[in-house]
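Let me begin by presenting the structure, written as structure tokens, before commenting on it.
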Amino acid sequence: MSNYTISNQEPKGTRDWFPEEFLIRKYIFDTWRQVCLKYGFEEYLTPLVESAEIYRAKSGEDVGGKELVTFTDLGGRELSIRPEMTPSVTRMVSKIYTAAPKPLKYFSIANFMRNEKPQRGRNREFWQLNCDTFGSSSLNADSEILQLALDLMLGFEPPKNSFTLNLSNRKLIDEILSLALKEIKPEIKIEVVRTLDKWNKLSAIDFKERLESFGLNKESIEILEQFINSKNLNELAEKLPALKNTLGYLEIDQVIKDLTDLGYGDYVAFNPAVIRGFDYYDGLVFEVFDNSPDNNRAMFGGGRYNGLAEIFGSVSFPAVGFAIGDETTRLFLESWGLIEKMKNSQPARYYLPLLDAKLSAELRLLTKNLRRAGQNIIMGLEEQKIGKALEYANKNKIAQVIIFGADEKAKGIYKIKNMMSGQEEEKKLN
RNA sequence: GGGUACGUAGUUCAGGGGUUAGAAUGUUAGAUUGUGGAUCUAAUGGUCGCGGGUUCGAAUCCCGUCGUACCCCCCA
Numbered sequence: 002m003s004n005y006t007i008s009n010q011e012p013k014g015t016r017d018w019f020p021e022e023f024l025i026r027k028y029i030f031d032t033w034r035q036v037c038l039k040y041g042f043e044e045y046l047t048p049l050v051e052s053a054e055i056y057r058a059k060s061g062e063d064v065g066g067k068e069l070v071t072f073t074d075l076g077g078r079e080l081s082i083r084p085e086m087t088p089s090v091t092r093m094v095s096k097i098y099t100a101a102p103k104p105l106k107y108f109s110i111a112n113f114m115r116n117e118k119p120q121r122g123r124n125r126e127f128w129q130l131n132c133d134t135f136g137s138s139s140l141n142a143d144s145e146i147l148q149l150a151l152d153l154m155l156g157f158e159p160p161k162n163s164f165t166l167n168l169s170n171r172k173l174i175d176e177i178l179s180l181a182l183k184e185i186k187p188e189i190k191i192e193v194v195r196t197l198d199k200w201n202k203l204s205a206i207d208f209k210e211r212l213e214s215f216g217l218n219k220e221s222i223e224i225l226e227q228f229i230n231s232k233n234l235n236e237l238a239e240k241l242p243a244l245k246n247t248l249g250y251l252e253i254d255q256v257i258k259d260l261t262d263l264g265y266g267d268y269v270a271f272n273p274a275v276i277r278g279f280d281y282y283d284g285l286v287f288e289v290f291d292n293s294p295d296n297n298r299a300m301f302g303g304g305r306y307n308g309l310a311e312i313f314g315s316v317s318f319p320a321v322g323f324a325i326g327d328e329t330t331r332l333f334l335e336s337w338g339l340i341e342k343m344k345n346s347q348p349a350r351y352y353l354p355l356l357d358a359k360l361s362a363e364l365r366l367l368t369k370n371l372r373r374a375g376q377n378i379i380m381g382l383e384e385q386k387i388g389k390a391l392e393y394a395n396k397n398k399i400a401q402v403i404i405f406g407a408d409e410k411a412k413g414i415y416k417i418k419n420m421m422s423g424q425e426e427e428k429k430l431n
């Protein structure tokens, strides 16, 4: 006898997946996988751990630093549990890139770990779908990736206007910065970009004051305000004509046209406040927003990151992609009542209780035959009176009970009772 | 890393200095002679998150710590 007990609580920031929760997760993963396969994307996986340096090199101060979960292996190598997929998949692709036919279209569904403070929509262990196209600089690749992101959302059959894909371009951001800031130091530029990124959370006054604190003059601030307040491309072109024929502008314009032609127009919009935290983005960037008042937040995003690959080796290649988390997706489904809908369309399960211990051999045989015929059967293991059997089915939300006792055996039948309607159906035993 | 709130049966909660800590629900067994969500009976359940302090006495007050939820920071 020990005088203490070990807690049965899961580690901080992780969660147990009881069948009810697991069902939701499985539904999300199945939907993702189905959509990706339709796009001809191929599924891959990398190891759970990578050399720690791969993250220290590029993942940034937090993700690649204090949030990294690291240990030392038997050979003294420092390994980390992956906090994101991009370095791994880039490393993996760089091994085959030169010899592989281009482009490569890859996706994976994997878990990750970041040592951060858990909060709504964010845990230490989380799961993500990562989708990337490698080896194409064509705008068609960007278009397709965005279409994939949209179809991933539409795969859950959400109501109209439940989400919006907001679109911008890092090239456009660079244009506006050189237009507004001209000879300002790079450190200040980074701060300005962060402020633009936070525009949603700041009031107009705070926004202005913040820019003033960086020492920007009136003219610069006015240009930035005109930019960030543009509701669409036309408005932007009117206010800041200098941007109109820039590559960044034209790319956004083209992609929105592509997607509108395909019928996604209601879901796509230019939004100058989409910046995204990572520095490696260098072309189109996007974020998908949940429009639900209960869950109004950026769900996921991505973009083009042509310059990233060269950091990991000699091979450089263009890439465009995004990642979407299981938890944010679950919150989206919840906010639009889509989980109940999914639960009600699960395949039927049958409960076949052991009403008479003497019939256990017959019960096993019947179970086997029904399973062979493609049914999902939960077979009773302990002798049970019919009342208890029906109660068990109720409590476990099993819709159909197969009744097979002495009476049925004598008649050479079994009965299927529907728990919802109460109706019974007789079937012959072979 | 900073902040706010909360930790009492498996679960949802009550009790807010005074004997052996309660309810509902769940689980298990039995009753109603094989057609259900019911009712009845019984059993099962808790070092009141953990540690320290104040007190004659702490689930209750104080401090710390751990955990949970949410916000900020950061980031997908």
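Residues 2 to 431 in the numbering used here are what the first sequence spells out, letter by letter.
Where a beta carbon is used, it is the ideal one built from N, C-alpha and C, also for glycine.
In this text, all values refer to a predicted model and were calculated from it rather than measured experimentally.
For residue i and residue j, what's the separation of their Cα atoms in angstroms?
| i | j | result |
| --- | --- | --- |
| D295 | K209 | 29 Å |
| S89 | K96 | 11 Å |
| E239 | F228 | 11 Å |
| E21 | A394 | 16 Å |
| F301 | I325 | 5 Å |
| G136 | Y45 | 17 Å |
| P469 | G249 | Nothing about residue 469 can be read from this structure; the chain reaches only from 2 to 431. |
| L130 | M154 | 12 Å |
| S3 | Q10 | Model confidence at S3 stands at a pLDDT of 35, short of 50, so the residue's coordinates are unreliable and nothing is read from them. |
| Y5 | F127 | No answer about Y5 holds up, because its pLDDT of 48 lies below 50 and its placement is not dependable. |
| D259 | A53 | 41 Å |
| F113 | R16 | 13 Å |
| E68 | T329 | 20 Å |
| P102 | S139 | 16 Å |
| N1 | T165 | Past the boundaries of the shown model lies residue 1; the chain is included only from 2 to 431, so the question cannot be answered. |
| I82 | K13 | 16 Å |
| N233 | Q255 | 14 Å |
| I387 | G375 | 25 Å |
| W33 | Y98 | 26 Å |
| K418 | E427 | 9 Å |
| E158 | E226 | 37 Å |
| E43 | P104 | 12 Å |
| N246 | E223 | 21 Å |
| M421 | A400 | 7 Å |
| K447 | R305 | As displayed, the chain neither begins before 2 nor continues past 431, which places residue 447 out of reach and without an answer. |
| F19 | P48 | 25 Å |
| W200 | K161 | 26 Å |
| W337 | R331 | 10 Å |
| R78 | T91 | 21 Å |
| I25 | Y265 | 27 Å |
If you follow the alpha helix (DSSP H) that residue i is part of, which residue opens it and which one closes it?
| i | result |
| --- | --- |
| V402 | Careful: V402 lies outside any alpha helix (DSSP H), inside the beta strand (DSSP E) at Q401 to I404. |
| L173 | R171 to L182 |
| M343 | L339 to K344 |
| K369 | S361 to R373 |
| E213 | A205 to S214 |
| L237 | L234 to K240 |
| L225 | K219 to I229 |
Starting from residue i and walking both ways along the beta strand (DSSP E), at which residues does that stretch end?
| i | result |
| --- | --- |
| S109 | L105 to M114 |
| N419 | I414 to N419 |
| K428 | E425 to K429 |
| P354 | Y351 to L355 |
Shorter than 7 Å, the distance from the beta carbon of residue i to the closest heavy atom of the ligand ATP, or not?
| i | result |
| --- | --- |
| R373 | The ligand ATP is absent from the structure shown, which contains no ligand whatsoever. |
Compute the beta-carbon to beta-carbon distance between residue i and residue j, rounded to the nearest angstrom, for a pair I have assumed lies under 8 Å.
| i | j | result |
| --- | --- | --- |
| M176 | L244 | Inspection of the sequence shows that residue 176 is occupied by Glu rather than by Met. Right, the Cβ-Cβ distance comes to about 6 Å (below 8 Å), so this counts as a contact. |
| V36 | G156 | 5 Å |
| L360 | K412 | In fact, because the Cβ distance is near 13 Å, the residues do not count as touching under 8 Å. |
Mind the definition here: the segment 164 to 174 touches the segment 278 to 294 only if three or more C-beta pairs lie below 8 Å; say whether that holds. yes
May I have a chain-ordered list of the alpha helix (DSSP H) segments no shorter than 4 residues that lie completely inside the segment 26 to 97? 53 to 59 and 87 to 97
Taking only runs that begin and end inside the segment 125 to 167, name each unbroken alpha helix (DSSP H) of 4 or more residues, in chain order. 140 to 155
At what residue ranges does the segment 252 to 332 contain a whole run of the beta strand (DSSP E), taking only runs of 3 or more? 269 to 271, 285 to 291, 298 to 305 and 320 to 326
Counting Cβ pairs, one atom from each stretch, are 3 or more of them under 8 Å apart for the segment 340 to 350 and the segment 203 to 222? no
Inter-stretch contact at 8 Å, needing at least 3 Cβ pairs: the segment 347 to 356 / the segment 402 to 416: yes
Ordered list of beta strand (DSSP E) runs contained in the segment 372 to 396, each at least 3 residues: 378 to 384
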